[in-house]
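Here the structure comes first, spelled out in structure tokens, and everything after it is commentary.
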Amino acid sequence: MDYRKSLEKLAREGRLARVRSEVDPVHELAGIARAYEGGKAVLFEKVKGSEFPLSIGLWWNRDNLASLFGVDRAELPFLFSRAMQSLSQDCAPPVIVENAPAQEIVMDEVDLGKIPVPTFALQDGGPYFSNCVVIARDPDTGVRNTSIHRLMVKGKDRLGLLMDIGRHLRDYHERAEARGEPLEITINNGVDAAYYVAAITPSAAAPIDVDELGVASYLLGEPARLCRSKTVAPEGIADAQLIMEAEILPHVREPEGPFGEVSGYYAARDDRWVVRVKAITHCRNPIVSALLPGKEVWNSVGLGVEANIFQTVSRQVKGLKKVYMTHGGSHYHVIIQIDPPIDGLSKNAILATFAAFAPLQMVTAVNSDVDIEDPEEVERALATRCDPARDVIIIPGARGHELNPVTDGGFGAKMGFDCTYPVPKDRKYEKVTFRKVNLGDYEIV
Ligand SMILES: Cc1cc2nc3c(=O)[nH]c(=O)nc-3n(C[C@H](O)[C@H](O)[C@H](O)COP(=O)(O)O)c2cc1C
Ligand SMILES: [Mn+2]
Numbered sequence: 039m040d041y042r043k044s045l046e047k048l049a050r051e052g053r054l055a056r057v058r059s060e061v062d063p064v065h066e067l068a069g070i071a072r073a074y075e076g077g078k079a080v081l082f083e084k085v086k087g088s089e090f091p092l093s094i095g096l097w098w099n100r101d102n103l104a105s106l107f108g109v110d111r112a113e114l115p116f117l118f119s120r121a122m123q124s125l126s127q128d129c130a131p132p133v134i135v136e137n138a139p140a141q142e143i144v145m146d147e148v149d150l151g152k153i154p155v156p157t158f159a160l161q162d163g164g165p166y167f168s169n170c171v172v173i174a175r176d177p178d179t180g181v182r183n184t185s186i187h188r189l190m191v192k193g194k195d196r197l198g199l200l201m202d203i204g205r206h207l208r209d210y211h212e213r214a215e216a217r218g219e220p221l222e223i224t225i226n227n228g229v230d231a232a233y234y235v236a237a238i239t240p241s242a243a244a245p246i247d248v249d250e251l252g253v254a255s256y257l258l259g260e261p262a263r264l265c266r267s268k269t270v271a272p273e274g275i276a277d278a279q280l281i282m283e284a285e286i287l288p289h290v291r292e293p294e295g296p297f298g299e300v301s302g303y304y305a306a307r308d309d310r311w312v313v314r315v316k317a318i319t320h321c322r323n324p325i326v327s328a329l330l331p332g333k334e335v336w337n338s339v340g341l342g343v344e345a346n347i348f349q350t351v352s353r354q355v356k357g358l359k360k361v362y363m364t365h366g367g368s369h370y371h372v373i374i375q376i377d378p379p380i381d382g383l384s385k386n387a388i389l390a391t392f393a394a395f396a397p398l399q400m401v402t403a404v405n406s407d408v409d410i411e412d413p414e415e416v417e418r419a420l421a422t423r424c425d426p427a428r429d430v431i432i433i434p435g436a437r438g439h440e441l442n443p444v445t446d447g448g449f450g451a452k453m454g455f456d457c458t459y460p461v462p463k464d465r466k467y468e469k470v471t472f473r474k475v476n477l478g479d480y481e482i483v
């Protein structure tokens, strides 16, 4: 389902709020979005200074997402897990579409100022594209890569870019830069959620020699649809709302940031990579897509990571039931639900979970009688089933995520909490339960 159809579906189901008033993309738009975070998605019909409407919040509510993917909310990580697993099978390569909708209109002159791009947090360094899907090709092997990167608007045709350590795009760029060459990319905005899932597929599930667009093909039920670019080698997404054809410049660094990040803190301004936009194409009447850093990222990174952790940890330990990336932990805390058949396996599962997603700072293991999406239940397990002298694992001096302010540029400790009870379960760990009743059966005033 393309992006516009997804919005129409949400609207039909009462899951979309439309803001008719004109809204300033500087701070005001994000302020309204923030008030809706976790609920309905929002369509801003009139953004000051631009002809195009802008939507936000497709990913901040898992019920909305479940509706888009046509599955139960609880099924989402398993669906993504199957999609990522499909990468190891023979999947049909993407097809090239002629007369792609995303290229219906070519902007006469590249001018990023014509696109509505919000300045989100009060101290952000400028307007940011927060959820564009970047496609590039490995300069040596030609393998395609798909990932998401924040992009700060710095001028009519100039963007600042962030590439974390270990990102495939950064690896491609470093090899191109060593030869003094730019790295060509397409920046795709407003794509079907299937392409977005491909872009967030963690490198543990899609190593550098794998084209993660296979994930999109699996979810679409047909080969991913790409289009030949007009000015660069990598393809764009044929059904995107808007595509920027661009290049990452070699040996150029300029200030980028600050940016209010998913961590809940500002990522500092620093000299970072620069992108020059060479052409902009879009469909007729495009709806630009944005994302508010926060719940949307915890859900999107979260569902991919939950899927991958479930797959890799299940292969190593028995009894794993579910994985959840908490919304309080800024994508640094994962809860695993496990009923280990013998003592000790819950700790092995914690270690395997750390190995499956490097940015993690904390892993908490609980049994299946704990609802892992309920922070109160998890806290109770922590207070009543975790013996701090025996069940807290601290791994000093490991590699985490550079955006986590407590680490030294990503270098720091990790901590696991084993809140599972010993095997077999002692009666003292039996949770109190009450009879289920239907309040409608009673006369209550
Ligand atoms: C909304 C969103 C924004 C992101 N922004 C960045 C970013 O600015 N820089 C970065 O390196 N990774 C960012 N990521 C993470 C990468 O897109 C993600 O880890 C991806 O799987 C990396 O792909 P790769 O394994 O092909 O390198 C972002 C992820 C999401 C969901
Ligand atoms: Mn990759």
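Counting in the working numbering, the sequence shown runs from 39 upward without gaps. A virtual CB, placed ideally from N, CA and C, is assigned to each residue, including glycine.
For ligand 1, I want to know if residue i counts as a neighbour, meaning its beta carbon is within less than 7 Å of at least one of the ligand's heavy atoms.
i	result
His371	no
Pro434	no
Ser327	no
Asn337	no
Ser168	yes
Leu257	no
Met122	no
Asp178	no
Met201	yes
Ser241	yes
Ala71	no
Ala237	yes
Report buried or exposed for residue i, applying the criterion of at least 16 other Cβ atoms within 10 angstroms of its Cβ.
i	result
Glu294	buried
Ser93	buried
Asp446	exposed
Phe449	exposed
Ile286	buried
Leu383	buried
Pro426	exposed
Thr471	exposed
Val430	exposed
Leu477	exposed
Glu468	exposed
Asp40	buried
Ser126	exposed
Ile223	buried
Pro220	buried
Asn442	buried
Thr422	exposed
Lys452	buried
His289	exposed
Ile432	exposed
Provide the residue(s) that pair with residue i in DSSP beta bridges, ordered along the chain.
i	result
Trp311	Leu199, Arg291
Phe107	According to DSSP, which records beta bridges pairwise, Phe107 is partnered with nothing at all.
Gln375	Lys360, Val404
Met282	Ile225, Ile318
Tyr304	Gly298
Met122	Answer is none; Met122 lacks a bridge partner.
Lys84	Glu60
Ser168	Answer is none; Ser168 lacks a bridge partner.
Ile433	Lys452
For a test of the three-state rule: what should DSSP assign to residue i, helix, strand or coil?
i	result
His439	coil
Glu46	helix
Pro132	coil
Gly259	coil
Val475	coil
Met145	coil
Asp178	coil
Glu183	Going by the sequence as given, residue 183 is Asn instead of Glu. Correct three-state label for Asn183: strand.
Looking at ligand 2, does it come within less than 7 Å of residue i, judged from the CB to the closest heavy atom?
i	result
His187	no
Ile246	yes
Glu273	no
His206	yes
Glu212	no
Asn226	no
Asn183	yes
Glu75	no
Glu250	yes
I'd like to confirm something about residue i: is its beta-carbon nearer than 7 Å to some heavy atom of ligand 4, or not?
i	result
Ala112	Among the ligands in the structure shown, ligand 4 does not appear; only ligand 1 and ligand 2 can be found there.
When the Cβ atoms of the segment 316-324 are set against those of the segment 264-279, are three or more pairs found closer than 8 Å?
With a cut-off of 8 Å, the segment 264-279 and the segment 316-324 count as touching, because enough Cβ pairs lie within range.
- Is it a yes or a no for the segment 409-422 touching the segment 261-272, going by three-plus beta-carbon pairs under 8 Å? no
Under 8 Å, with one C-beta from each stretch per pair, do the segment 56-76 and the segment 248-259 reach the 3-pair mark? no
- Could you tell me whether the segment 96-115 touches the segment 239-248, where touching means 3 or more Cβ pairs closer than 8 Å? no
- request: Please confirm if the segment 360-376 is in contact with the segment 324-342, defined as three or more CB-CB distances below 8 Å between the two stretches.
  value: The segment 360-376 vs the segment 324-342: in contact.
Practice prompt. State whether the segment 377-395 contacts the segment 178-194, with contact taken as three or more CB pairs (one from each stretch) at a distance under 8 Å.
Written response: no
- Task: Check whether the segment 176-190 touches the segment 214-233, taking contact to mean three or more Cβ pairs, one atom from each stretch, closer than 8 Å.
- Result: The answer is yes - the segment 214-233 touches the segment 176-190, with three or more Cβ pairs under 8 Å.
Worksheet item: Touch check for the segment 291-305 and the segment 146-162: three-plus C-beta pairs under 8 Å?
Response: yes
query: Okay, do the segment 42-61 and the segment 73-90 touch, 3+ Cβ pairs below 8 Å being the bar?
result: yes
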